[in-house]
Amino acid sequence: DVKVTQSSRYLVKRTGEKVFLECVQDMDHENMFWYRQDPGLGLRLIYFSYDVKMKEKGDIPEGYSVSREKKERFSLILESASTNQTSMYLCASSFEETQYFGPGTRLLVL
Amino acid sequence: AQSVSQHNHHVILSEAASLELGCNYSYGGTVNLFWYVQYPGQHLQLLLKYFSGDPLVKGIKGFEAEFIKSKFSFNLRKPSVQWSDTAEYFCAVIRDNNNDMRFGAGTRLTVKP
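If you read the sequences in order, they're chains A and B.
Residue 2 is where the first sequence starts when you use the numbering used here, and the numbers rise one by one after that.
Residue 20 is where the second sequence starts when you use the numbering used here, and the numbers rise one by one after that.
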C-alpha cells in the first residue's frame with residue numbers, strides 16, 4: 002500500500018510566523034503535490050514537483066514556497082503566515098496519474 | 020481554463036435509496052477521470068478511475084461511474100446507499116496525461132439510517 006504521511010494533523014500558528022509542512026511518501030513516486038482544501042472550493046493546487054529540486058506553480062502559489070531536496074519528501078513553506086491561509090493542507094504523490102493522499106494538516110492561523 | 024463541475028453541493032438520502040452524483044468537465048481533449056471519497060476524519064481515497072476502454076467503470080464498495088464523452092460527464096452511481104457511504108465525494112480530471120489534476124468542489128452525501 003502507498004503511504005503518504007504528513008508531519009502534523011493539527012497546527013496553530015500566529016500571523017507572520019514561518020510555517021513548514023512536511024510530507025513523506027514511501028513508494029518512490031516521482032510526482033508530488035500540495036493542495037489546500039476549503040469548503041465549497043474543493044482542492045486547489047498550490048505547487049507540484051516532478052522530480053528532486055524541481056517545482057512548478059499550481060493555481061494558487063502566492064504566499065507559499067516548496068522544497069524537494071529528496072525524492073520522498075516534499076515540503077510546503079508559508080513564509081509569513083496570514084489568516085487567509087487557515088485551511089486544510091493535503092499532500093499527494095502519484096504513479097501513473099493516480100494520486101495518493103496523506104491525511105492532511107489542518108492549519109489555523111491566528 | 021479547464022474546470023470540473025459537481026452539480027450538487029449536499030445530497031441527503033435514506034438508506035437503500037439510489038445515488039447519482041453529477042460531474043461535468045470543460046476540456047475537450049483526452050482526459051482521465053477519477054472519483055475520490057473522503058470519509059469523515061479520513062484522508063482522500065480513490066473510489067474509481069477511467070483512462071480508456073469500457074466507459075462504465077466499477078469501483079470499490081459497489082460504486083460505478085459512466086463516462087459519456089458527448090456530454091463531458093462522468094457521473095457516479097450506486098444502486099443502494101448505506102449509512103457508511105456518508106462522506107464527501109470529489110470528481111477529478113487529468114487532461115492530456117500531464118499529471119495536472121483538477122478537482123470539483125465536492126458533493127457532501129449524508130445517508131440517514
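Each residue gets a CB set at the ideal place from its N, CA and C atoms; glycine is no exception.
Small disclaimer: the values here were computed from a predicted structure and weren't measured.
Output the distance between the C-alpha atoms of residue i and residue j, rounded to the nearest integer angstrom.
i, j, result
"Ser80(B)", "Asp73(B)", "The question names Ser, but residue 80(B) in the sequence shown is Lys. Lys80(B) and Asp73(B): Cα-Cα distance of roughly 19 Å."
"Tyr48(A)", "Val67(A)", "7 Å"
"Thr84(A)", "Thr16(A)", "7 Å"
"Ser24(B)", "Lys19(A)", "35 Å"
"Gln7(A)", "Thr106(A)", "7 Å"
"Arg96(B)", "Gly43(A)", "20 Å"
"Lys90(B)", "Tyr46(B)", "11 Å"
"Ser88(A)", "Ile87(B)", "34 Å"
"Asn16(B)", "Gly103(A)", "This structure leaves residue 16(B) out entirely; chain B is present only between 20 and 132."
"Tyr44(B)", "Lys71(A)", "35 Å"
"Val110(A)", "Glu31(A)", "31 Å"
"Phe93(B)", "Pro132(B)", "28 Å"
"Phe109(B)", "Ser76(A)", "25 Å"
"Leu38(B)", "Thr105(B)", "12 Å"
"Ser95(A)", "Trp35(A)", "12 Å"
"Asn118(B)", "Ile78(A)", "22 Å"
"Pro62(A)", "Glu80(A)", "12 Å"
Whose Cβ in chain A lies nearer than 7 Å to the Cβ of residue i?
i, result
"His62(B)", "Phe102, Gly103, Pro104 and Gly105"
"Asn118(B)", "Asn32, Ser95 and Glu98"
"Ile113(B)", "Glu98"
Beta-carbon within less than 6 Å of residue i's beta-carbon, same chain only, minus the 5 sequence neighbours each way: which residues are those?
i, result
"Phe53(B)", "Lys68 and Ala111"
"Gln100(A)", "Ala93"
"Leu32(B)", "Val100 and Val130"
"Arg74(A)", "Val25"
"Lys14(A)", "Val20, Ala82 and Val110"
"Gly78(B)", "Leu66 and Leu67"
"Met120(B)", "Ala111 and Ile113"
"Ser22(B)", "Ser45"
When DSSP builds the beta bridges, which residues end up paired with residue i?
i, result
"Ala93(A)", "Phe34(A) and Phe102(A)"
"Cys24(A)", "Gln7(A) and Phe75(A)"
"Asn54(B)", "Residue 54(B) is actually Trp in this sequence, not Asn. Partner(s): Leu67(B) and Cys110(B)."
"Leu42(A)", "Paired residue(s): none; Leu42(A) is not in a bridge."
"Tyr44(B)", "Val23(B)"
If the cut is a Cβ gap below 9 Å, which residues of chain A does residue i touch?
i, result
"Lys80(B)", "Near Lys80(B) there are no residues of chain A at all, since even the closest Cβ is about 17 Å away, more than 9 Å."
"Lys68(B)", "Glu98 and Thr99"
"Ile87(B)", "The premise fails here: Ile87(B) is roughly 21 Å from chain A at the closest Cβ pair, so nothing lies under 9 Å."
Can you give me the Cβ contacts of residue i inside the same chain, cut-off strictly under 7 Å, excluding the 5 residues immediately before and after it?
i, result
"Asn27(B)", "Leu40, Gly41 and Thr126"
Please return the same chain residues whose Cβ sits closer than 8 Å to the Cβ of residue i, not counting the five positions on each side in sequence.
i, result
"Gly143(B)", "Outside the shown range of chain B, which is 20 to 132, sits residue 143(B), and nothing can be said about it."
"Asp29(A)", "Lys72 and Glu73"
"Leu112(A)", "Absent from the structure is residue 112(A), since the part of chain A shown begins at 2 and ends at 111."
"Gln40(A)", "According to the sequence provided, residue 40(A) is Pro. The question's Gln does not apply to it. There are no such residues."
"Glu83(B)", "Leu67, Leu75, Val76, Lys77, Leu95, Arg96 and Lys97"
Which chain A residues are close to residue i, counting only those with a beta carbon under 8 Å from its beta carbon?
i, result
"Ala124(B)", "Gly41, Leu42 and Gly43"
"Phe109(B)", "Gly43 and Leu44"
"Asn51(B)", "Glu98"
Pull up the CB-CB distance for residue i and residue j, whole angstroms please, since I reckon it's below 8 Å.
i, j, result
"Lys58(A)", "Ser50(A)", "Contact doesn't hold; Cβ gap of about 11 Å is too wide."
"Tyr90(A)", "Leu46(A)", "Not quite, the Cβ-Cβ distance comes to about 12 Å (not below 8 Å), so this is no contact."
"Lys4(A)", "Gln26(A)", "7 Å"
"Tyr55(B)", "Leu66(B)", "6 Å"
"Gly64(A)", "Gln86(A)", "6 Å"
"Met33(A)", "Arg69(A)", "7 Å"
Output, in chain order, the set of chain B residues within a Cβ distance shorter than 8 Å of residue i.
i, result
"Leu91(A)", "His62 and Leu63"
Quick one: which chain B residues come within Cβ less than 9 Å of residue i?
i, result
"Ser50(A)", "By Cβ distance, chain B contributes nothing, its closest Cβ being about 10 Å from Ser50(A), past 9 Å."
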